[in-house]
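FYI, in my numbering the residues of the sequence shown are 1220 to 1531.
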Amino acid sequence: MIQVEHLTKLYGPKTAIADVSFSVEKGEVLAFLGPNGAGKTTTMRILTASLPATSGSAKIAGYDCFDQPKEVKRLIGYLPEVPPLYTEMTVTEYLTFVGRIKGIEPERLPVALDQVIERMSLGEVRGRLIANLSRGFKQRVGLAQALIHDPPVLILDEPTVGLDPKQIIEIRQLIRELAGARTIILSTHILPEATAVAKRVVIINDGRIVAEDTQEQLSARLRRSEKVSLTLKHPPLDVQDHLLALPGVLSVRQEGHTFLVEAELGRDLREDLGRTAVQKDWGLLELKLVAMTLEDVFLRLTQHEEGVEAQP
Ligand SMILES: Nc1ncnc2c1ncn2[C@@H]1O[C@H](COP(=O)(O)OP(=O)(O)O)[C@@H](O)[C@H]1O
Ligand SMILES: [Mg+2]
1220 MIQVEHLTKL YGPKTAIADV SFSVEKGEVL AFLGPNGAGK TTTMRILTAS LPATSGSAKI
1280 AGYDCFDQPK EVKRLIGYLP EVPPLYTEMT VTEYLTFVGR IKGIEPERLP VALDQVIERM
1340 SLGEVRGRLI ANLSRGFKQR VGLAQALIHD PPVLILDEPT VGLDPKQIIE IRQLIRELAG
1400 ARTIILSTHI LPEATAVAKR VVIINDGRIV AEDTQEQLSA RLRRSEKVSL TLKHPPLDVQ
1460 DHLLALPGVL SVRQEGHTFL VEAELGRDLR EDLGRTAVQK DWGLLELKLV AMTLEDVFLR
1520 LTQHEEGVEA QP
């Protein structure tokens, strides 16, 4: 349904995204995960035919996002980072206005309006001025403007940013309900959000895709990627050098006689470390795994991209 191939965007001399490729199947929910400045919004603006790419191509249902913007805009609903709300309008006035712009026929408009208001649970505020709505309701109005023409593809740019925890849960639930027949891409800089909503996650950092995984594989990666804590009775002064020389060791942090050894993803260092400590007579006192959090894995994926590409 969505094909992105070798997409690159320069803003003057600044490369915002470089050689980005991925695809999304019909009915799939994909999370686009990356820290601020990674290039998420740039990619989404290109996909929604709001911004031309410098090179590469992006297609929605076979339509080119640059050459066929009308067709593309008809197929997608877009929730930008800052929803384009007219705060001096009521919810009904605004959604009617958006519906007209999107070319919904006048006789169909009231039905489309009622449906989207029902779906986004906006009934109780439909007569209120948007300016007076809470942040959570404003975001639902933003989603409603993306949905009013019932598009098969939704592109949501950081849909829960700035919301409180209760509103975040509500919006995530709404997104899950919208999935199914629809193809959805949402961007986020929060790892748990990606795994809560999407089946597949593409991780982008500094304009480049550094990993792509199913939610299950990401969790499996998490189980496999661990640090080892090694406690020695009499470590020599150059113990860090010895540890760093072992294959698969990325970093070593010392706290007293305990060494926290970080391994490449998927590598269990306990056997190697144990053998080395015994052979060198360092007085092995303890050797144990320390589980990594999702945040650790995310930071690793975005900071050590070369390690990621070596993964099977
Ligand atoms: N209009 C612009 N002009 C110049 N640089 C920009 C512009 N928009 C974004 N950038 C830069 O491009 C990079 C990617 O930005 P963006 O796509 O907004 O990332 P994200 O949405 O992941 O935070 C950033 O370094 C940002 O500063
Ligand atoms: Mg952004």
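Yeah, the Cβ is synthetic: ideal placement off N, Cα and C, and Gly gets one too. Nothing here was measured: the structure is a model prediction, and the numbers come from that model.
Around D1383, the same chain offers R1354, G1355 as residues with beta carbons nearer than 8 Å, after the five sequence neighbours per side are excluded. For G1318, the CB contacts under 8 Å within the same chain, skipping 5 residues up- and downstream, are L1328, A1331, L1332, I1367, H1368 in chain order. Nearest to R1401 by alpha-carbon distance, out of L1375, V1310, A1413, P1325, is L1375. Secondary structure note for T1273: it is in no beta strand (DSSP E), with a DSSP letter that is neither H nor E. If you draw a 10 Å sphere on the C-beta of S1406, you find 16 or more other C-beta atoms in it, and that means buried. Under the three-state reduction of DSSP, H1461 is assigned to helix. Pairing A1413 with L1266 gives a Cβ-Cβ distance that is not under 9 Å. DSSP links I1403 through a beta bridge to V1248, L1373.
Proximity of the beta carbon of G1381 to ligand 1 is not indicated: no heavy atom of the ligand is located closer than 8 Å. A straight line joining the alpha-carbon of G1381 with that of V1301 spans about 11 Å.
A Cβ-Cβ contact shorter than 9 Å links L1506 with A1496. Burial is judged here by how many other beta carbons sit within 10 angstroms of a residue's own beta carbon; T1433 has fewer than 16 and is exposed. Fewer than three pairs of CB atoms, one per stretch, sit closer than 8 Å, so the stretch 1454–1462 makes no contact with the stretch 1267–1283. Cβ contact annotation for G1361 (same chain, cutoff 6 Å, sequence separation greater than five): L1298, P1302, in chain order. Taking 9 Å as the cut-off, the Cβ atoms of D1491 and L1463 do not count as close. In this structure the stretch 1272–1282 does not lie against the stretch 1305–1322, because fewer than three pairs of beta carbons, one per stretch, are closer than 8 Å. Judged by their CB atoms, I1236 and T1262 are nearer to each other than the 9 Å cut-off.
G1296 carries a strand assignment under DSSP once its states are collapsed to helix, strand and coil.
In the three-state scheme derived from DSSP, where H, G and I count as helix and E and B as strand, I1409 is classed as coil. Residue pairing from DSSP leaves L1266 without any beta-bridge partner. Cβ neighbours of T1227 within its own chain (closer than 8 Å, five residues either side excluded): T1234, I1236, A1237, D1238, V1239, A1272, T1273, S1274, G1275.
Checking the DSSP bridge columns, you'll see T1450 partnered with T1477, E1505. Contact between I1422 and A1430 holds: their C-beta atoms lie close to 4 Å from each other, under 8 Å. Around ligand 1, the residues whose beta-carbon falls short of 6 Å from at least one of its heavy atoms are Y1230, K1233, A1235, G1253, N1255, G1256, A1257, G1258, K1259, T1260, T1261, given in chain order. Between the alpha carbons of V1480 and R1391 lies a distance of about 37 Å. In this structure F1478 is not in contact with V1468, their Cβ atoms being roughly 10 Å apart against a cut-off of 8 Å.
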